[in-house]
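Note sheet for the following structure.
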Amino acid sequence: MGIKVTRKWLDSIVDTQLSNAEIGRVLTQAGLELDELHSLDPGCDGVVVGYVHKAIKHPNADKLSVCEVEVGGASRLNIVCGCKTVKAGIYVAVATVGTLLPNGLKIKKSKLRGEVSEGMLCSASEIGLNSSSAGIMHLAENSKLGEDIAKHLHLDDTLFDFDVTPNRGDCLSLHGVARELVAFSDSRLKPELKTESYQNKDISCAVKVSAPEDVLVYSCAIVKNIDLSAKVDNFIVEYLDKIGVGSVNNVVDIANYLMYEQGQPFHVFDADKVAGDIDVRFANDGEEVTVITGEKLSLDKDALVIADSEKIIAIAGLMGSADSCVDDSTKNILVESAHFSETVIAKSCRRYKLNSDSAYRFERGVDSKRTVLLRDRLVELIIANLGGDYSGGLVIDKKDSTDSKVLLGLAYIKKVLGMDVSKDNVVNCLEKVGAKFSFNDDVFEICSPSWRSDLKLPIDYVEEVLRFSGYDNIPKIELNCSIKPLSKVRHAENNVNKLKNFLVANGLHEIISYSFISEDDFLNFATKKDKLVLLNPISKNMSYMRSTLVSGLLNAVSYNFKRQKSNIKLFEVGQVFGASGASSTKISACIQGKLGTEDWQNKSRNVSFYDLKGLLQSMLAILGIDLDFVPTSLQGFHPGIAANIMTNGNNIGYIGSIHPQLLKQKDLVSPVFIFELDLTELAAAKIINFKPYSKFPVVKRDLSILVDSSTEFSGITAAVADLKLIALRKIDLTDIYTDDNMEDGQKSVTISFLFQDIDKTLKDEVVNIYMDKIIAALQKINVSVRS
Amino acid sequence: MDNTVVKLISNAKEIESLAIFSIEKSTSLDDLEQIRVINLGKSGSITTILKKIATISSESKNAFGKELNIIKNNIKAALDTKKIMLEQQHEQNILAKQTLDITLPGVNPAHGTYHPVSMVIEDLKQIFASYGFSSVTGSEIEDDFHNFTALNISPLHPARDMHDTFYFSADRLLRTHTSPAQIHTMQAEHPPLRMISLGKVYRCDSDPTHSPMFHQLEGLVVSENANFLEMKALLDDFFKSFFEKDVAIRFRPSYFPFTEPSAEVDIKMPGSDNWLEVMGCGMVHPNVFKHVGIDSAKYTGYAFGVGIDRLAMLKYGIDDLRSFFENDIDFLKQF
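Protein chains in written order, with the numbering used here: chain H, 0 to 786; chain U, 27 to 361.
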């Protein structure tokens, strides 16, 4: 929300030479950001005010009339019109020959069923106004003939829409915008209208304020015998229409108009629906009220209300009750103009999820010194428009609001801004703000203006000084290089970057997916007891906080696969969340499809679990981390292809193949291999410790063995490792196969052993001894050696 | 020297000149080998003459041997030279046949890409590290105090309307900005401070041009002499560094509960007429310092915040914020 004003409306209270664009620029630079500026002119040059002298039935068409229309010139126009309401003696909008209407229709001199037509009588929508009426416009009597229709309807106007920051409630009115414009330009406010002052006079009921802490001023007045059907001044209707405020009824429209003009919210009750005495009090717990929107609310004791002897008639400053509002039969009204505390209104808005233009202003601060003056102006406007008599009113004013003083030193301004500001500049600023002040020993003692509830602390005035000096005029200084560096070494971040660099270099694309996912996606990899759910999700599909990055990666694979992408390799780094709200940072990667690029030189093969395992091992080798893999079962993963990733006995993540059923659910046809690792552990990886390495020749020996096909490779390597052969540098798997010559359930495994001594060349005889030991150890675990 | 010897030598010389002639004429390594065998082989013509040394008188033996060795070496030298030449020629012929069609497509190893938001985050960290700022990410789940109250946004403050907050419970929420991480740092460390906090933030905004999740960077400087002018100088330098262009900046008054004075920062690219609103900034509000126990009589501070996704859009010319989180490979591949 913000504030909308029009140029003509502004001109009614301010004298300014500025163009529309200049007004927008000046106020934007003052902090009242112009959101939109647009002309209200419907763009129908050539449409003018006309007077119908004669309207006779068309000789050849029942539904048409032939009219004689005067448009200010000497000659009268002959115009054929199809509207039923046309008759002699009315004022109309005439599109003259040559006019191009906003709907694209070009008016030409023509013959309609044999009668000459030199123009067209227009409906409101035909000249570009927002109207549902299809009939021709009937203009006011004695309108000026030949006058441009936009000018006639006061549409030669421009609408400004300003954003107002929450601290500037004083700008939420025409008056507030004008005051700001005057402070920042050579413009002047026109003298304010003189308002009749209505003296306190007994009213039929007693009024008391039982919550004085939150009610600074409470004033009301009763006006009797108003005529709700009377016509309201054009400017009220026009300006409300221009700023987009819908009409309710005459009384409410007048009260709304004055609120938008002056910033003071009002409420108007039907006085005959108020029973007994009025009390401004807090609600009782569970007390009910049906507000004008029709919503029935059960209030609690934090809600400030206006109540009569029987019921609540309004939630203070926010909304009236349905059974006390003005309706078509209302004769007598009770007008309220009050000042409620910002917090009490805010509480009601939040608690009951209600809002109104009135509460919007109270929350942001209303001028407490004009409450009564504006009640009087409202009464005056109502009587002027709708008749009726002032029959009584009263004011309850706390008056104990001693204005607090703010002390602002020139040295403080300099400390915060980093530049000297002269006393004269501060004086100029304070005068323009409208503050009262004195100056002693380089310190200003300031009394803030009643409409600026945001000016409470010295720092608030530093901002005012800067605003009036002009944010544009802040001098540019060289960046001070004497500041000593405070940044810390970023080992942990560098480690994460190394991993990311590795994955990118190996063909994986980094993704970022939403932290909130659907319930289904969540339950694919976790159980309900782990859930952390948003109370107010943007949609049901984005309500569960992810417990793993895997679901996002899988969805991204699926998204791309459905768009004919293949060989999808992705990774993500991000936070995941536990039921307690604890978060941890993970890195997760997945591969699918072919291994490398398929091209004219290479035939590519499908990726396997071992490709991802190897990628993971190489990636962590960069950080000097060795991994162990322990088979496990994981929700959402293939029961036979899943493992925990261990280092030094700690579980740091898992790796596996997505469960085939889940693949199907995501419309995927080939396996997706995924790992996820906890980055908190990895980022803290120690600095690599250098180990001396051998410069003597390497001896390589191959060994083919026959094993049971269920034998795990790790069992073989473990048996060899148990020998603790210092010269055995490395064990490589070179081949693994089965063929028809083998017994069922057996496989052949070829392993190569690399030997290297740290300080001498190994002799063949020594290596032979090692190999004999290895063979003996393997035979112990039922491995038969083939060669 | 007797006549027989003289004759033998002159025979040998004749053979030499014939051999050298045919070496020069030869066109293949095979020919060359044949010439070697004919002349210097076990029963070659020069070898045969040499064998006659046994029949020669002792006073002529030396001279004969010397002459014949010279001849033999000459032939050998000629053979070697020619051999190198022919070998080189042979190699060149082979290489000539190996010429590739270098216009055939290269075989590209698959390469991955960094997410554009990640790239911008790295840039930002580096630029601010060069100004001496440390960086933190912080947790994306926060409590009310760190996200709002400590930042001078009391429970009833109208500015809460500007933060459409996702809640888990009354006191647990998804952070709406990265400032809570700064509150944690100010609670844990003493000034002087110079830090950025950056990462994901969340607002339940359903507008199609907004994403409920986006990325933010906020910077904070607290010291005994942090001031508005220094902040402007820093931000001016920052935008020039980030865009690697002579970007103009403009300050406009604005309002944030946690800073006073506050400003919006607009930037203008060289050659453009449009000011783009990109950043909010201001001097840390004394109430914020009060909440974290920093003496606002001694210390002043400034803070600034910027949307990382927006910076990425401006830097790379991306027009739709939502494409950042669709993760379409055709989008990702471009970075």
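Beta carbons are placed, not taken as given, at the ideal position from N, Cα and C, and that holds for glycine.
Alpha carbon of residue i to alpha carbon of residue j, nearest angstrom
i, j, result
"residue 186 (chain U)", "residue 312 (chain U)", "19 Å"
"residue 51 (chain U)", "residue 66 (chain U)", "18 Å"
"residue 595 (chain H)", "residue 609 (chain H)", "14 Å"
"residue 373 (chain H)", "residue 529 (chain H)", "58 Å"
"residue 275 (chain U)", "residue 269 (chain U)", "12 Å"
"residue 85 (chain H)", "residue 92 (chain H)", "12 Å"
"residue 322 (chain U)", "residue 306 (chain U)", "21 Å"
"residue 771 (chain H)", "residue 740 (chain H)", "26 Å"
Bridge-paired residues (DSSP) for residue i
i, result
"residue 156 (chain H)", "According to DSSP, which records beta bridges pairwise, residue 156 (chain H) is partnered with nothing at all."
"residue 394 (chain H)", "H:218"
"residue 590 (chain H)", "H:568, H:672"
"residue 105 (chain H)", "H:99"
"residue 585 (chain H)", "H:573, H:677"
"residue 241 (chain U)", "U:226"
"residue 145 (chain U)", "Note: residue 145 (chain U) sits in no beta bridge, so no partner."
Where residue i falls: helix, strand or coil (DSSP)
i, result
"residue 733 (chain H)", "strand"
"residue 125 (chain U)", "coil"
"residue 194 (chain U)", "coil"
"residue 300 (chain H)", "coil"
"residue 41 (chain H)", "coil"
"residue 225 (chain U)", "strand"
"residue 196 (chain H)", "coil"
"residue 36 (chain U)", "helix"
"residue 49 (chain U)", "helix"
"residue 701 (chain H)", "strand"
"residue 257 (chain H)", "helix"
"residue 650 (chain H)", "strand"
"residue 67 (chain H)", "strand"
"residue 348 (chain U)", "helix"
"residue 477 (chain H)", "coil"
"residue 209 (chain U)", "helix"
"residue 101 (chain U)", "helix"
"residue 536 (chain H)", "coil"
"residue 179 (chain H)", "helix"
"residue 211 (chain H)", "helix"
CB contact flag (residue i, residue j, <8 Å)
i, j, result
"residue 784 (chain H)", "residue 706 (chain H)", "no"
"residue 276 (chain H)", "residue 320 (chain H)", "no"
"residue 429 (chain H)", "residue 219 (chain H)", "no"
"residue 30 (chain H)", "residue 160 (chain H)", "no"
"residue 470 (chain H)", "residue 214 (chain U)", "no"
"residue 45 (chain U)", "residue 61 (chain U)", "yes"
"residue 409 (chain H)", "residue 444 (chain H)", "no"
"residue 523 (chain H)", "residue 655 (chain H)", "no"
"residue 448 (chain H)", "residue 432 (chain H)", "yes"
"residue 754 (chain H)", "residue 727 (chain H)", "yes"
Neighbourhood of residue i by C-beta, 8 Å cutoff - its chain only, sequence neighbours within 5 removed
i, result
"residue 258 (chain H)", "172, 264, 265, 356, 357, 360"
"residue 273 (chain H)", "204, 307, 312, 323, 333"
"residue 13 (chain H)", "177, 180, 181, 186, 187, 188, 189"
Residues near residue i by beta carbon distance below 7 Å, same chain, minus five either side
i, result
"residue 587 (chain H)", "548, 549, 552, 570, 571, 673, 674, 675"
"residue 97 (chain U)", "38, 39, 42, 72"
"residue 683 (chain H)", "491"
"residue 354 (chain H)", "348"
"residue 62 (chain H)", "81"
"residue 611 (chain H)", "590, 654, 672, 674"
"residue 87 (chain H)", "51, 52, 53, 54"
Contacts around residue i, its chain only, beta-carbon distance under 6 Å, and the 5 residues preceding and following it disregarded
i, result
"residue 266 (chain U)", "273"
"residue 615 (chain H)", "674"
"residue 628 (chain H)", "642"
"residue 35 (chain U)", "93"
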